[in-house]
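Chemist: Top to bottom, those sequences are chains Y and W.
Going by the working numbering, the final residue of the first sequence carries number 374, and the count climbs one at a time with no gaps.
Going by the working numbering, the final residue of the second sequence carries number 748, and the count climbs one at a time with no gaps.
Below is a structure I'd like to ask you about.
There are 2 protein chains.
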Amino acid sequence: MSDPTKVSDSGQTRERAPHIAYEPGVLRIVDQTKLPGELDVLSLTSAGEVASAIREMRVRGAPAIGIAGAYGLAIAALQSARKADSPDHFLGMLADAAQTLEAARPTAVNLAWAVHGLLNEAKRHVNDGVPPEAVAVQLQKEAKTLHADDIAACRRIGDAGAPLLPRGANVLTHCNTGDFATGGYGTALGVIRSAWRAGALRRVYVDETRPALQGARLTTYELDGDRIPYTLITDGMAGHFMRRGDIGAVIVGADRIAANGDTANKIGTYALAVLAREHDIPFYVAAPRSTFDPDAQTGDDIPIEERSAGEVRAVQGVPIAPADAPVANPAFDVTPARYITAFITDAGVLAPPFDAAIAALGKAGAAAPATAKT
Amino acid sequence: MSDPTKVSDSGQTRERAPHIAYEPGVLRIVDQTKLPGELDVLSLTSAGEVASAIREMRVRGAPAIGIAGAYGLAIAALQSARKADSPDHFLGMLADAAQTLEAARPTAVNLAWAVHGLLNEAKRHVNDGVPPEAVAVQLQKEAKTLHADDIAACRRIGDAGAPLLPRGANVLTHCNTGDFATGGYGTALGVIRSAWRAGALRRVYVDETRPALQGARLTTYELDGDRIPYTLITDGMAGHFMRRGDIGAVIVGADRIAANGDTANKIGTYALAVLAREHDIPFYVAAPRSTFDPDAQTGDDIPIEERSAGEVRAVQGVPIAPADAPVANPAFDVTPARYITAFITDAGVLAPPFDAAIAALGKAGAAAPATAKT
């Protein structure tokens, strides 16, 4: 293990700048495919550009693509209000933009939830006789509220989850679930941040998370910024460190959680859950309420996105396999609910049996999904 | 899944050229770090050069580094016989070369077994009054015999293991255990080859095997050459495909097997064993008798090599993490014997209880290790 006490060379905690910033008509995002080498900011000025950025994982993470999708629809609303010759035409253009955005990535429910929620808001306003220009203005506010609500939800997740982590333990996490995956602060990484601030955490084991390497590229960058000690490992090493007794808890995010608690998350999550069970290590899933999908009864109802062979055949553009190697590249897997110790949500911790706890969650008031308003 | 039926674009089975070739004083090896992009042959003309090539994984795989180590000592014997002013001086120089070679990689027992075996042969000949020049000639033959014996052992492993694989099943393997990891044919990949020839195999799932990507770079290359259908996956995907019922058996090689059956193999193997157990999938370890270490009572007695942080922080020289990211890089893990369904050896299949079967193996005659002759 190389210099395991080292956390950063700067001596200071890095300021966390927002990676998503919006002003009417322009969504600015940090291009996450370029990190940690380059900090490149993209200006997106149409729903199509936002959809492409989501598809290409320039912005990724279930809550973050929900927020980006909402802003994408807000941009479409401004443009459609100018071009439309009737309220119905306006809604039709908006529905097209929503479809483009929702189709960008199929597994994370937050994207469809956010975009569909805003579209329903627009329909409601139009039905109430509000003119398209005013509806567009309203959607700018709705998208900003959704963004702010997500940051607040992450803070609540962090505070709810931190006491669960065994005191002074090492925690293993997968993929990136921090600032870059959310409006800010993070889900699983939010819990890690809160636990670190409470002095309850020793070290984070970070799975590199092939193929897109969100752990190696993004989680390390965020932990460096917060001066939280970590050790980067390849995905195949997690079991070794569990067997050695080095891991006190596993905590991951989620892309979609079914009504029974089955959880879709970044490929590799399921293996961690099985390994955690084998070693009697608690396995936590941290996610806002927007990640729970009441329409999916079990994990079998969750579509699993298959991404391009190129992501497996190459790393950052460098070939690592024969050019025509047959490849499978499911971006997510499903962890059955029975492997999950608890869900950590913005409405508190859910313990088994999950079906009842999740059903009760859907009826909660404070941060109810926009779709619930329709 | 991209074009899963495609196996190669050449239409022909590629001829398997030997990746290790020896003529007195010169060991020629294919540089495995350059594959599959470049087929580069290195000429090594000293034990030090051979040790460096082993350390840098230009030649790797437990049986293959045993063979390379034996040839390295054979080169040292030729050179030392010319330089030494006494038989004791000759043996001293040879012992130094053996130490250099054995230190190159600590986990695979085959290297120490081969080098130590040849050194003991040399001592025996010198004690019998054979002059150093003649001893050196004898060691050339011994090294070639060891190489030929390994190929023959792999063929026996393949034939012994093929009937174990469920007929028409997909088989998952890890790392590279084929031509490149052995004298030729392979251990786990030898079983896969034999099963394919018997028409008993459907497809191979190939773990890419981070950090050094032996699966993505070498196993795919060999399977392409033999036109055996495969699907390359990242290491985190294995559990997903097991849960879907796509995997009928897991078969891996070994770097060192303790007297109780605990098995050190490429990092990530242990996770596969746990996942296989969880899904009631048989988990086989294929290895020649030279991989069994009677001096290791359990896995706790097996040293685990820690390799450089750079292997994790970068892929093929391209950075994928912050330059100073703290990293762990154990090259191997230990799979406890209880997860192993059977060992497939050149002396047949060993079923549990392994301790008795392994002890009996050590007493077998035909291909007894060179050390047993001393």
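No residue lacks a Cβ here, since even glycine has one placed at the ideal position from N, Cα and C.
(1) Quick one: using the 10 Å Cβ neighbour count with 16 as the cut-off for buried, is isoleucine 394 of chain W buried or exposed?
(2) Measuring CB atoms only, is the region 157-167 of chain Y touching the region 179-190 of chain Y, in the sense that at least three cross pairs come out at less than 8 Å?
(3) Along the beta strand (DSSP E) that carries aspartate 581 of chain W, what are the first and last residues, could you check?
(4) Relative to the C-alpha of arginine 217 of chain Y, which residue among W/Lys640, W/Ile694, W/Leu575 and W/Ala660 is closest?
(5) Could you check which residue in Y/Gly37, Y/Ala162 and Y/Leu42 has the C-alpha nearest to that of valine 30 of chain Y?
(6) Would the beta-carbon of tyrosine 36 of chain Y fall within 8 Å of that of phenylalanine 90 of chain Y?
(7) Here's the rule I'm using: 16 or more other beta-carbon atoms within 10 Å means buried, otherwise exposed. How should alanine 114 of chain Y be labelled?
(8) Determine the contact status of leucine 492 of chain W and glutamate 476 of chain W, defining contact as a CB-CB distance below 8 Å.
(9) Of the residues that make up the region 644-663 of chain W, which ones have a beta carbon closer than 7 Å to any beta carbon in chain Y?
(10) Ignore the nearest five residues each way along the sequence and tell me which others in arginine 418 of chain Y's own chain have a CB closer than 7 Å to its CB.
(11) Counting only runs of 3+ residues fully inside the region 555-628 of chain W, write out the beta strand (DSSP E) ranges in chain order.
(12) Identify which residue in Y/Glu38, Y/Ala17 and Y/Glu49 has its Cα closest to the Cα of leucine 27 of chain Y.
(13) Taking the Cβ atom as the reference point for each residue, do glycine 642 of chain W and aspartate 609 of chain W lie within a distance shorter than 8 Å?
(14) Where does lysine 497 of chain W sit, in a helix, a strand or coil, going by DSSP?
(15) Arginine 210 of chain Y touches chain W at which residues, Cβ-Cβ below 8 Å?
(16) What separation, rounded to the nearest whole angstrom, lies between the Cα atoms of proline 294 of chain Y and glycine 310 of chain Y?
(17) My output table needs one value for isoleucine 449 of chain W: the three-state DSSP class, helix, strand or coil.
(18) Quick check on glutamate 680 of chain W: does DSSP put it in helix, strand or coil?
(19) For the beta strand (DSSP E) holding phenylalanine 666 of chain W, just list the boundary residues, first then last.
(20) Quick one: which chain Y residues come within Cβ less than 8 Å of arginine 601 of chain W?
(21) Keeping to the same chain, check which residues put their C-beta closer than 6 Å to that of serine 384 of chain W; ignore five residues upstream and five downstream.
(22) Taking Cβ-Cβ distances below 9 Å as the criterion, which residues of the region 253-268 of chain Y are in contact with chain W?
(23) Helix, strand or coil, according to DSSP, for serine 43 of chain Y in the structure here?
(24) Hey, is arginine 60 of chain Y's beta-carbon within less than 8 Å of any beta-carbon in chain W?
(25) Find out if the Cβ-Cβ distance for the pair tyrosine 644 of chain W, valine 708 of chain W is shorter than 8 Å.
(26) I need the DSSP call for leucine 539 of chain W, collapsed to helix, strand or coil.
(27) What residues from the region 553-565 of chain W come within 9 Å of chain Y, judged by C-beta to C-beta, listed N to C?
(28) For serine 426 of chain W and glycine 446 of chain W, what's the separation of their Cα atoms in angstroms?
(29) Would you report the Cα separation of threonine 374 of chain Y and aspartate 128 of chain Y, rounded to the nearest angstrom?
(30) Hey, is arginine 217 of chain Y's beta-carbon within less than 8 Å of any beta-carbon in chain W?
(31) In terms of residues, what are the limits of the alpha helix (DSSP H) holding tyrosine 270 of chain Y?
(32) Which of the three DSSP states, helix, strand or coil, is assigned to glycine 532 of chain W?
(33) Within the same chain, show all residues whose beta-carbon is closer than 6 Å to that of serine 568 of chain W, passing over the 5 residues directly before and after it, in chain order.
(34) At least one CB of chain W closer than 8 Å to the CB of aspartate 346 of chain Y: is that the case?
(35) Are alanine 555 of chain W and arginine 434 of chain W close, meaning C-beta to C-beta below 8 Å?
(36) Suppose contacts are defined by Cβ-Cβ distances below 8 Å. Is threonine 594 of chain W in contact with threonine 547 of chain W by that definition?
Modeler: Working from what's here:
(1) For isoleucine 394 of chain W, the number of other beta carbons within 10 angstroms of its own is at least 16, and it is reported as buried.
(2) yes
(3) 575-581
(4) W/Ile694
(5) Of Y/Gly37, Y/Ala162 and Y/Leu42, the residue nearest in Cα terms is Y/Leu42.
(6) Reading off the sequence shown, one finds proline at residue 36 of chain Y, where the question assumed tyrosine. No.
(7) buried
(8) no
(9) Within the region 644-663 of chain W, the qualifying residues are Tyr644, Ala645, Val648, Leu649 and Glu652.
(10) The displayed coordinates of chain Y run from 1 to 374. Any statement about residue 418 of chain Y would go beyond what the structure contains.
(11) 575-581, 604-607 and 623-626
(12) Y/Glu49
(13) Contact check for glycine 642 of chain W against aspartate 609 of chain W passes: the beta carbons are separated by less than 8 Å.
(14) helix
(15) Glu582, Arg584, Thr608, Asp609 and Gly610
(16) 34 Å
(17) helix
(18) strand
(19) Note, phenylalanine 666 of chain W: premise wrong, no beta strand (DSSP E); not H, not E.
(20) What arginine 601 of chain W touches in chain Y: nothing, since even the nearest Cβ is about 12 Å away.
(21) Note that serine 384 of chain W scores 41 on pLDDT, short of 50, meaning its location in the model is unreliable; the coordinates nonetheless yield the value given after this. Here the set comprises nothing.
(22) Within the region 253-268 of chain Y, the residues whose Cβ lies closer than 9 Å to some Cβ of chain W are Lys266, Ile267 and Gly268, listed in chain order.
(23) strand
(24) no
(25) The beta carbons of tyrosine 644 of chain W and valine 708 of chain W sit closer together than 8 Å.
(26) coil
(27) none
(28) 11 Å
(29) Confidence in threonine 374 of chain Y is poor, its pLDDT being 31 and thus under 50, which makes the residue's placement too unreliable to answer from.
(30) yes
(31) 269-278
(32) helix
(33) Gly532, Asp533 and Ala536
(34) No, its Cβ sits nowhere closer than 8 Å to a Cβ of chain W.
(35) yes
(36) no
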